[in-house]
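All residue numbers in the sequence shown are consecutive under the working numbering, ending with 1513.
Ideal Cβ positions, reconstructed from N, Cα and C, are used throughout, including at glycine.
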Amino acid sequence: TGEENMLLMADLHHLPRRDGRRVAAELLERFGLTDAARKPASTYSGGMKRRLDIAMTLVGDPRIIFLDEPTTGLDPRSRHTMWQIIRELVAVGVTVFLTTQYLEEAD
1407 TGEENMLLMA
1417 DLHHLPRRDG
1427 RRVAAELLER
1437 FGLTDAARKP
1447 ASTYSGGMKR
1457 RLDIAMTLVG
1467 DPRIIFLDEP
1477 TTGLDPRSRH
1487 TMWQIIRELV
1497 AVGVTVFLTT
1507 QYLEEAD
């Protein structure tokens, strides 16, 4: 499930169980995945999977993240949402390196 994936990342970052659950819940809420948290991740849409990927990346509070074509294959709404998330990360000081196939996104 999405929640299990988040808790695995918390374990890999050696977060105490209580902190790991708190961080996982906060990130699932931040990325709009709370309702789907206990459903198998294999049932998620493409946009949901991408949001879960980024949420999992943020469990350890990284200062730099690398995204390989984060919007490829997404519908326009999901693509817009993904860019909002990326802009929010940059606004709070996270350095984001990404690749893209879309020239209009490469700036």
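From this set, 1449, 1445, 1437, which residue's C-alpha is nearest residue 1463's C-alpha? When each option's Cα is compared against that of residue 1463, the closest is 1437.
Would you decide whether residue 1421 is buried or exposed? Buried here means 16 or more other CB atoms lie within 10 Å of its CB. Counting the other CB atoms within 10 Å of its CB gives residue 1421 a total of 16 or more, which places it among the buried residues.
Residue 1456 and residue 1434: beta carbons closer than 8 Å? Pairing residue 1456 with residue 1434 gives a Cβ-Cβ distance that is not under 8 Å.
Measure from the alpha carbon of residue 1475 to the alpha carbon of each residue in 1432, 1425, 1492, then state which is nearest. Ranked by Cα distance from residue 1475, the first of 1432, 1425, 1492 is 1492.
Please determine, among 1486, 1409, 1504, the residue with the shortest C-alpha to C-alpha distance to residue 1441. Ranking 1486, 1409, 1504 by Cα distance to residue 1441 puts 1409 first.
Can you tell me whether residue 1501 is helix, strand or coil according to DSSP? Residue 1501 falls in the strand class under three-state DSSP.
Would you mind sorting residue 1465 into buried or exposed? The rule is 16 or more other CB atoms within 10 Å of its CB. Buried: at least 16 other Cβ atoms inside 10 Å.
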